[in-house]
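Okay, structure first, notes after.
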Amino acid sequence: MATRRIISTEKTILEKDDHPTEKSNISPVVPRHVIFKLLGFTLAMIVVPIGSYFLTVNSVFKGNSSYAGGLAALLANVVLVAYVVVAMKEDQSEQEAALRPETKKDR
0 MATRRIISTE KTILEKDDHP TEKSNISPVV PRHVIFKLLG FTLAMIVVPI
50 GSYFLTVNSV FKGNSSYAGG LAALLANVVL VAYVVVAMKE DQSEQEAALR
100 PETKKDR
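First residue of the sequence shown? That's 0 in numbering that gives the first Met the number 0, and the numbers climb one at a time after it.
The structure is reproduced here in structure tokens:
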């Protein structure tokens, strides 16, 4: 007999699983405001360079697409740097909040 018999006092694999006594936490790992901020900067990363190119190629730069493309690249970098700065400030504020002792107002 190649199979093993289960003795009546022995638990099966399904019975060995421990059932949690507390309710599981199903809240999202990333806070909602972080997702909205990321979506906002993603939209800005698409709209700002393309919009600036088409708005300035004929009106400001008189058909010179090289200058309009350069401005679009510059504005894409500005949006990117702005996102990095906002993300760093948010991270610093979370670290300061963790170091600050909890008061009755925070509860």
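No residue lacks a Cβ here, since even glycine has one placed at the ideal position from N, Cα and C.
About 5 Å separates the beta carbons of F60 and A67, which is inside the 8 Å limit, making them a contact pair. Rounded to whole angstroms, the gap between the alpha carbons of R31 and I25 is 14 Å.
In this structure, the straight-line span from the alpha carbon of M44 to that of V78 is close to 6 Å. In the three-state reduction of the DSSP assignment, S58 falls in the coil class. In this chain, the alpha helix (DSSP H) harbouring E93 covers S64 to L98.
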